[in-house]
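Peer 1: The structure follows.
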Amino acid sequence: MEVFLQQLINGISLGSIYALIALGYTMVYGIVQLINFAHGDVYMVGAYLGFFATAILGWSFLPALVMAMIVCAILGVVIEKLAYKPLRNAPRITALITAIGVSLFLEYGTMLLVTPQVRTFPQVLPEVQWKLLGNLTVSNRQVIILVITIVLMVLLQYIVHKTKIGKAMRAVSYDKQAAQLMGINVNQTISATFAIGSALAAAAGVLVGIYYNAINPLMGIMPGLKAFVAAVLGGIGIIPGAMTGGFLLGIVEAMVSGYGKSLYRDPVAFVILIIILIVKPAGLFGKNVREKV
Amino acid sequence: MALLSVNNLSISFGGLKAVSDLNLELYKNDLAGLIGPNGAGKTTVFNMLTGVYLPTSGDILLDGKSIVGLKPYQINQRGIARTFQNIRLFSDLTVIDNLKIAFHSHSKYGLLGAICRLPGFYSGEREIHERSMELLRIFNLDHKWDELAKNLPYGEQRRLEIARAMATQPRLLLLDEPAAGMNPQETQDLMNLIRWIRNEFDLTILLIEHDMSLVMGVCEKIYVLDYGQIIALGTPDEIKNNRRVIEAYLGEEAS
Amino acid sequence: GGGGETKQAADAKEIIIGGNLELSGAVATFGTAIKNGAQLYFDEVNAAGGVLGKQIKFDVLDNKSDATEATNVATRLITQDKVVAIIGAATTGNTMGYMPVAIDAKIPIITPSGTALEVTVDPNTKKVRDYVFRTCFIDPFQGTAMANFAIKDLKAKTAVLYIDNNSPYSKGLAQFFEESFTKQGGKIVGKEAFVPEDQDFKATLTKIKGLNPDVIYVPAYYEPVGKIVKQGRELGITVPFLGGDGWDSPKLPEIAGAAALNNTYFTNHYSSQQDDPVIKEFVKKYQAKYGQVPDTFAALGYDTAVLLVNAIKNAGDASPEKIKDALAKSKDVQAVTGKLSFDENHNPIKGAVILEMKDGKQAFKTYVKP
Amino acid sequence: MLKVEDIHVYYGAIHAIKGISLEVPQGKIVTLIGANGAGKTTTLNTICGLTKPKSGKIFFEGKDITGVDTQNIVRLGLTQVPEGRRIFANMPVYENLELGAFLNKDKKQVAQDMERVYARFPRLLERKHQLAGSLSGGEQQMLAMGRALMSRPKLLLLDEPSMGLSPILVKEIFSIIKELNEQGTTILLVEQNAKMALSIADKGYVVETGRIVMAGDAQELLESPEVKKAYLGG
Amino acid sequence: MSMFQRQIGKQFAILLVLVLIWLAVEFMIRFGILNPFYELNLILIGINIILAVSLNLINGFNGQFSIGHAGFMAVGAYGAAMITLKTQLPLPLALLFGALLAGVFGVLVGIPTLRLRGDYLAIATLGFGEIIRGIIVNIDYIGGAYGLSGIPKIATWSWVFWLTVLTVIIITNFVNSTHGRATISIRENEIAAEAMGINTTKYKVMAFTIGSFFAGLAGGLHAHYFYTIQPNTFNFLKSFDILVMVVLGGQGSITGSIIAAIFLTIISASLQSLAALRLVIYALLLIIIMLFRPQGLMGTKEFSFKMFSKKSKDREEKPHGTAVGQ
Ligand SMILES: Nc1ncnc2c1ncn2[C@@H]1O[C@H](COP(=O)(O)OP(=O)(O)OP(=O)(O)O)[C@@H](O)[C@H]1O
Ligand SMILES: Nc1ncnc2c1ncn2[C@@H]1O[C@H](COP(=O)(O)OP(=O)(O)OP(=O)(O)O)[C@@H](O)[C@H]1O
Ligand SMILES: [Mg+2]
Ligand SMILES: [Mg+2]
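So the sequence lines, in the order shown, correspond to chains E, F, L, S and H.
For the first sequence, position 62 matches number 62 in the numbering used here, and the numbering has no gaps at all.
In the numbering used here, each number is its position in the second sequence, counted from 1, plus 1000.
In the numbering used here, each number is its position in the third sequence, counted from 1, plus 2000.
In the numbering used here, each number is its position in the fourth sequence, counted from 1, plus 3000.
In the numbering used here, each number is its position in the fifth sequence, counted from 1, plus 4000.
Below, the structure written as structure tokens:
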């Protein structure tokens, strides 16, 4: 039982990271229907910015986090303007290919700039280990990440569904021309979407960089992929879905490693993903609405 | 025996009962209309007849055999073809390819013949080509055979959609608002075309339409649907003067 | 007509040595470090007038961390660029991938870090491959050395293996550790695996903790190792973590934290923090040039260059054939990772040290004879 | 109120509008009739900035709005009910209406307007929480009209509002248009149903292959033999 | 009848050109005019053409968004290599076995997943690719993470060339038949296709299976040319590479795929000395090409010399790619 609970904690903590990255993924997807493969790499850039601010400039945690979020928000907007906006009316797969291009560009551009070697964060967020119920360990960083993930999820959900800009986002996501006829500024709305999504990725990058204490230019690939899986699992475009998908994926991985064979962790996680999709073809939270004929 | 008989057909979406206890019979060579207010459930009836929606209850018999639960392609192969309220052409393909696709179920060569280009492939393709061109001629689209479907004017797209449905060689043709977006002249031509294909191909036709000039002009019997239920059935003259229909649908002084 | 063309190359103004390395892709760090290490030595040689009166040109191509690309790169190095020898690749897999091309073309290759036994010895015929050499340890040596240490010095009875599932190096070390450990009466109570991209190891570590082993053998590279040790300690695992030369990097204590690394041991060629003047000199030069402390790969890259240049000098002729023969006869070549000679299987004969991490510093524990 | 001066519009190589000029006086209903593909929709889209003209000028209340972004044109009090409805299918009916009032910051007024729309289209009230995409064709048209009314436009462009509607609703739509006009909204109406359109309009233009071929008083056009022959079905 | 004869005549001419190309290259290889580096890249081009054309059938023609092609390539590579290593069967049988095995996997993957749409299908196919790789890594009998080495290099230029030609012919013939039209109609409008009597499930599975079969063939050739195969070669990044070729060439254009495969292989080989910069350049190239030709180099058109004549219709070529998303 104790081991099970510890594994649950492990899973939730891993899952909250997937969820954190998946939130931005799903939000951008929800509004512009683009699988922004570069999202994982914006996360990486965020981590490097955090590193730069703390290790080189000697800033403390919060200013570093804010700076990384702002710079990445701008980066996200610039990426959208240069690489995606001209393709708004092109087939979606075209933008997907440029997203792959942007992803490679960020990875190897960063590698050129900072070399492929690993960097480590200074201790900007002191670590505290807590013992629960005897032998269960939880660290303050795990809790911070979890709380931030949940708060951001609620915030995002609120923004998208309750605010005016959110309504504009959803309208733009469905029909850009009709949205313009409502007086909505489509470019601004999409920029806002990318800014928010990229800022979220940056937050995740800094937090994860501090949590695991090692960053490298290719660190975004796997978490990006896993976060994408998590977002799809929950129903892509659906904000609570991304979070649930992230947690589910984290817990499944922890349980397979803990109780099955760690060797088969990734294949098993994908098998579960596929089974869920076969049962629920639009993800856990997605409604499989058939096109009205 | 009726070609198509629909017995107590119902469907609900969530709490909404879109069609309830619908009964309908079509005999060979009928040219019938299905009219009713917006949202009455007309398109939904078509969707159930063609297997797009699975009815909640009731039965649909084609030649006395139930077709409920069959996939849309199976129903089509059994002889029901349709057009769509919102045109659904293969819009990035050429006009003739649109028809050739519809000939698929009647093509005469197999996979091996296609891949190895056996002689059967060439004769089969030639036959499909010729029959497609013939249909295009009938629908007066032959001069546009090589255009992309999306580049046709709206009226011609509507006609192409009917031609495409005809290419599947149906016994029963369902037309969902074929005259929508057409001007009076085009509508007139369409009426003649509908009559002509019914006779030429020995066809049964059921059509949905809001343009009364067309419905009253070609249909021999008319079903009127309101809130998912048949409220009237009769000849155009009977329907025109039916109080309930006037109240629910036509409005005073049918213009 | 390969022979005639290489002759021409030998007469040219410069000696071209190929590099078939991982400069992008999953293990770009390794390849880049090797490239830097080797380049450092070649620059020194060139600055001192070159070898046999000729300058050395180090022609490095990127194999994208992929065996197919490695073959492509090797073919280009051999047929287009006319190299006389090839350094690379960083991993066993990529080396094995392109090796047949080099063997067919009779071009000697030295892998700085391909540790699997079958790199230099054909597993089917059990014969040594004439044209293939390596600078690093072989898996059996390190694995066995660490097993001995665990049993004798640490008095371990049970062990868990925690392996990098994508790395033949890791699997090889683990295999020989297991063989030797069980032969001496120890018991492997668990075998777990991770992939190098992983960030979070807590689930598996929780499981390992439940198995209660005396030691945990993690023969992998420092980046995941750092995270593993850190997270293991966080979960309350206090037993020793053991590893191999992949651990050697100044980054390790940065990632894991100095305290977490106490009570961990690994086998290595040398210690970058050793007082040995050769090592100190190397570390200083490397840092001056690249602004980072060298890791094992950098040291092995440097040594590979040392061995090659030494062989060319001894051969008196930069033809692939002669270089191959001279390489095989290398004897007590002073390099960073020791005084190197090749045994009959083209593996370097060098002793290992076992290092203990103490407060983030490497401390010499024992010396293991070759 | 609206003045279009000799606009030319291209789609790639296709010259869709070949010099159209028209005028919509304040408080009037002006209709644009013509065959399929004549360029009616393109004209409306150009007026509200969705397509950019290659040459020519457009003035709204004396202000040059040529090349201005759609959202800024909408801010000036000009909106369009687009062809094919273009409702937000993934949102419920009420949110579609709210979006119509996107620029209106006065919440009370928005709520009032919403009530008015529901009163006019009771069917929309019934379907208030249903996703707009699952509405029937006619219901969607009502929603599109309702949504446009929410922005309280001074000039409303309507692109084939009667398409796909039942006869009773067609009449209803036309009477709504008239009513709106009487309440002060200026209207530019594009219709396939020329007879109905001309009968409520003050002024009409006939478009053929990108050009205005006839213009004049609506009543005159209705009686003109050419128009009768081509657009009124004999 | 003349259409038939013209067809035959044209095919004969193409065949003649192909034989000439093959002979010329074969001759140059034999006499050392073409050094092994060029030969290797020609072979790589052939393998990439097979991969791109077969994925194009799934993504471009059928409109199903698959990004797990490398997984099927892996199945073919391992299947064929195991036959060669464990039995004495000749190359063609080994290749056939690998391709069939990949085809079987295609059916097994296709039937349950093809009811998914757009991005959901994409992630499922990606998942399958990773599952296949994850399983291979864990089976020591087939080499585990080490991969298989010592596979004899028996796939020669001739084999690769003619099998590439065969693949292109088969897929072209398939696409230009009633079956191909059925396949394409699903991309264009699935609901309409079903209403026209087309068994959409059957044709989706068929496209998927044929695509997988040829991916397996490419894998087999790969294994028998590069001596070694490793599970990591077939990861999702490899799938992306193939996808890039398809989109770059134009979804639904076979000649486009061929041109893109040639182009990208050459680019990749010529940037080898640039390390990280290599991928930066590659990335920029991708972005720029997509920005200037969003429909891919060829759109959905096929390359032909007629294209250059003034007479050819200038159709508006707005492409219709894979139906991504709901
Ligand atoms: N998939 C669905 N989900 C929920 N409701 C639906 C769905 N399809 C149809 N409806 C509802 O069923 C009713 C009937 O719709 P249907 O499309 O059949 O109307 P119709 O008679 O064809 O109207 P119109 O003439 O306007 O096209 C409508 O109220 C519609 O909102
Ligand atoms: N996006 C587009 N790309 C290319 N051509 C277009 C486009 N939109 C319209 N056209 C062409 O421009 C011309 C005018 O079209 P428009 O839609 O304005 O006509 P319309 O009068 O509104 O017709 P309808 O009665 O069918 O709505 C037509 O020939 C049409 O084919
Ligand atoms: Mg309908
Ligand atoms: Mg129009």
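Ideal Cβ positions, reconstructed from N, Cα and C, are used throughout, including at glycine.
For clarity, every value in this text was computed on a predicted model and none was experimentally measured.
Along chain H, in chain order, which residues have C-beta atoms closer than 7 angstroms to that of E:G109?
Peer 2: Translated into positions along the first sequence, residue 109 of chain E becomes position 109. In chain order: V4280.
Peer 1: Report yes or no: is there a C-beta of chain H within less than 9 angstroms of the C-beta of F:S1255?
Peer 2: The count along the second sequence starts at 1 and reaches residue 1255 of chain F at position 255. In this prediction, F:S1255 has a pLDDT of 43, which is less than 50 and means its spatial position is unreliable; nothing more can be read from the coordinates.
Peer 1: Any beta carbon from chain H within less than 9 angstroms of E:P86's own beta carbon?
Peer 2: On the first sequence, position 86 is the one that residue 86 of chain E refers to. Yes, E:P86 lies at the interface with chain H (some Cβ there is under 9 angstroms from its Cβ).
Peer 1: Find the residues of chain H that neighbour F:D1063, judging by a C-beta separation of less than 9 angstroms, and give them in chain order.
Peer 2: In the second sequence, the residue the question calls residue 1063 of chain F occupies position 63. Per Cβ cutoff of 9 angstroms: no residues; F:D1063 is ~17 angstroms from chain H at best.
Peer 1: When the cut-off is 9 angstroms and only beta carbons count, does E:Q6 lie next to chain L?
Peer 2: Numbered from its first residue, the first sequence carries residue 6 of chain E at position 6. So yes, E:Q6 belongs to the interface.
Peer 1: For a cutoff of 9 angstroms on Cβ pairs, would you count H:G4325 as touching chain E?
Peer 2: For the purposes of this step, residue 4325 of chain H is identified with residue 325 of the fifth sequence, where counting begins at 1. Residue placement at H:G4325 is flagged as unreliable, the pLDDT there being 32, under the threshold of 50; a coordinate-derived value is accordingly withheld.
Peer 1: Can you give me, in chain order, the residues of the segment 2011-2030 of chain L that have a beta carbon less than 9 angstroms from any beta carbon in chain H?
Peer 2: L2021, L2023, S2024, G2025, A2026 and A2028
Peer 1: Does any C-beta atom of chain H lie closer than 9 angstroms to the C-beta of L:V2073?
Peer 2: Here the question's residue 2073 of chain L lines up with position 73 in the third sequence. Interface with chain H (9 angstroms Cβ-Cβ cutoff): L:V2073 is included.
Peer 1: Quick one: which chain L residues come within Cβ less than 9 angstroms of H:A4276?
Peer 2: Numbered from 1 along the fifth sequence, position 276 holds the residue referred to as residue 4276 of chain H. Those are L2023, S2024, A2028, T2032 and D2062, listed as they occur along chain L.
Peer 1: Determine the chain H residues that contact F:Q1157 at a beta-carbon separation under 8 angstroms, and present them in chain order.
Peer 2: Taking the first residue of the second sequence as position 1, residue 1157 of chain F is located at position 157. By Cβ distance, chain H contributes nothing, its closest Cβ being about 12 angstroms from F:Q1157, past 8 angstroms.
Peer 1: What span of residues does the beta strand (DSSP E) with F:H1210 cover, start to end?
Peer 2: Residue mapping note: residue 1210 of chain F aligns to position 210 of the second sequence, counting from 1. Run containing F:H1210: none; DSSP gives neither H nor E here.
Peer 1: Below 8 angstroms on the Cβ atoms is my guess for F:V1052 versus F:P1072; work out the distance and round it to an integer in Å.
Peer 2: Counted from its first residue, the second sequence places residue 1052 of chain F at position 52. Counted from its first residue, the second sequence places residue 1072 of chain F at position 72. Correct: roughly 6 angstroms between the Cβ atoms.
Peer 1: In whole angstroms, what is the alpha-carbon distance linking H:L4051 and H:V4075?
Peer 2: Position 51 of the fifth sequence, counted from the first residue, corresponds to residue 4051 of chain H. Position 75 of the fifth sequence, counted from the first residue, corresponds to residue 4075 of chain H. Taking the straight line joining both Cα atoms gives about 13 angstroms.
Peer 1: Put S:R3183 into one of helix, strand or coil per three-state DSSP.
Peer 2: For the purposes of this step, residue 3183 of chain S is taken as residue 183 along the fourth sequence, with counting starting at 1. Looking at the sequence itself, residue 3183 of chain S is Gln, so the reference to Arg does not match. Three-state DSSP puts S:Q3183 in coil, outside helix and strand.
Peer 1: Hey, does E:L23 have any beta-carbon neighbour from chain H nearer than 9 angstroms?
Peer 2: Counted from its first residue, the first sequence places residue 23 of chain E at position 23. Judged by the 9 angstroms Cβ criterion, E:L23 is not in contact with chain H.
Peer 1: Where does the unbroken beta strand (DSSP E) through L:N2268 begin, and where does it stop?
Peer 2: As a first step, residue 2268 of chain L is located in the third sequence; it is residue number 268 there, counting from the start. Taken as a continuous stretch (DSSP letters only), the beta strand (DSSP E) holding L:N2268 covers T2264 to N2268.
Peer 1: Below 7 angstroms CB to CB, which residues in the same chain sit around E:I12 once its five sequence neighbours on both sides are set aside?
Peer 2: For the purposes of this step, residue 12 of chain E is identified with residue 12 of the first sequence, where counting begins at 1. Within the same chain, E:I12 has close Cβ partners L146, F247, G250 and I251.
Peer 1: If you measure beta-carbon to beta-carbon, which residues of the segment 2168-2192 of chain L are closer than 7 angstroms to chain E?
Peer 2: Going along the segment 2168-2192 of chain L in chain order, one finds E2192 with a Cβ nearer than 7 angstroms to chain E.
Peer 1: Using a Cβ-Cβ cutoff of less than 6 angstroms, which residues in the same chain neighbour F:L1175 once the five nearest sequence positions on both sides are dropped?
Peer 2: Counted from its first residue, the second sequence places residue 1175 of chain F at position 175. Here the set comprises T1083 and L1207.
Peer 1: Counting pairs of beta carbons, one from the segment 1157-1176 of chain F and one from the segment 1094-1113 of chain F, are three or more of them closer than 8 angstroms?
Peer 2: yes
Peer 1: Which residues in chain E sit within 9 angstroms of H:Q4064, going by Cβ to Cβ distance?
Peer 2: On the fifth sequence, residue 4064 of chain H is found 64 positions in, with the first residue counted as 1. Simply none; closest approach about 12 angstroms.
Peer 1: With a cut-off of 8 angstroms, do at least 3 Cβ pairs link the segment 4093-4103 of chain H to the segment 4125-4136 of chain H?
Peer 2: no
Peer 1: Is it true that the segment 3141-3161 of chain S meets the segment 3063-3083 of chain S, where meeting means three or more beta-carbon pairs spaced less than 8 angstroms apart?
Peer 2: yes
Peer 1: Can you pull the chain E neighbours of S:Q3080, defined as C-beta to C-beta under 8 angstroms?
Peer 2: If you number the fourth sequence from 1, residue 3080 of chain S lands on position 80. The answer, in chain order, is L181.
Peer 1: So, does the CB of S:R3211 fall closer than 9 angstroms to a CB anywhere in chain E?
Peer 2: Locating residue 3211 of chain S in the fourth sequence gives position 211, counting from the first residue. Taking Cβ atoms only, chain E never reaches closer than 9 angstroms to S:R3211, which makes this a no.
Peer 1: Assuming L:Y2041 and L:V2306 make a contact with CB atoms under 8 angstroms, what is their CB distance in whole Å?
Peer 2: For this step, residue 2041 of chain L is matched to residue 41 along the third sequence. For this step, residue 2306 of chain L is matched to residue 306 along the third sequence. Going by Cβ atoms, the distance from L:Y2041 to L:V2306 rounds to 6 angstroms, so yes, they are a contact pair.
Peer 1: Is H:F4208 closer than 9 angstroms to F:I1115 when the C-beta atoms are compared?
Peer 2: Within the second sequence, residue 1115 of chain F is the residue found at index 115, counting from 1. Within the fifth sequence, residue 4208 of chain H is the residue found at index 208, counting from 1. Cβ distance not < 9 angstroms, so F:I1115 and H:F4208 don't count as in contact.
Peer 1: I'd like the list of long-range same chain contacts for E:Y259, defined as Cβ closer than 6 angstroms, with 5 residues on each side in sequence excluded.
Peer 2: The residue given as residue 259 of chain E occupies position 259 in the first sequence. Taken in chain order, the list of residues that qualify is empty.
Peer 1: Take S:K3107 and list the residues in its own chain whose beta-carbon comes closer than 6 angstroms to its own, dropping the five residues that flank it on each side.
Peer 2: As a working mapping, residue 3107 of chain S is identified with position 107 in the fourth sequence. Within the same chain, S:K3107 has no close Cβ partners at all.
Peer 1: Measure the CB-CB distance between E:L96 and E:I21 and report whether it falls below 9 angstroms.
Peer 2: Taking the first sequence and counting its residues from 1, one reaches residue 96 of chain E at position 96. Taking the first sequence and counting its residues from 1, one reaches residue 21 of chain E at position 21. In this structure, E:I21 does not lie closer than 9 angstroms to E:L96 by Cβ.
Peer 1: At least one CB of chain E closer than 9 angstroms to the CB of F:N1047: is that the case?
Peer 2: Position 47 of the second sequence, counted from the start, is the residue given in the question as residue 1047 of chain F. Yes, its Cβ sits closer than 9 angstroms to a Cβ of chain E.
Peer 1: Name the two residues that bound the continuous alpha helix (DSSP H) containing H:Y4078.
Peer 2: Taking the fifth sequence and counting its residues from 1, one reaches residue 4078 of chain H at position 78. Residues H4069 to K4086.
Peer 1: Exposed or buried, H:I4254, counting other C-beta atoms within 10 Å across all chains shown (16 or more means buried)?
Peer 2: Within the fifth sequence, numbered from 1, the residue matching residue 4254 of chain H stands at position 254. By the 10 Å Cβ count, H:I4254 comes out buried.
Peer 1: If we call anything under 9 angstroms between Cβ atoms a contact, is H:G4110 one with H:K4204?
Peer 2: Counting from one through the fifth sequence, the residue named residue 4110 of chain H turns up at place 110. Counting from one through the fifth sequence, the residue named residue 4204 of chain H turns up at place 204. Yes, the pair counts as a contact, with Cβ atoms nearer than the cut-off.
Peer 1: Cβ of E:P240 within 8 angstroms of any heavy atom in ligand 1?
Peer 2: The residue given as residue 240 of chain E occupies position 240 in the first sequence. Answer for E:P240: no, Cβ out of range of ligand 1.
Peer 1: Consider the C-beta atom of S:V3009 and the heavy atoms of ligand 4; say whether any pair is separated by less than 8 angstroms.
Peer 2: Residue mapping note: residue 3009 of chain S aligns to position 9 of the fourth sequence, counting from 1. No, ligand 4 has no heavy atom inside 8 angstroms of this Cβ.
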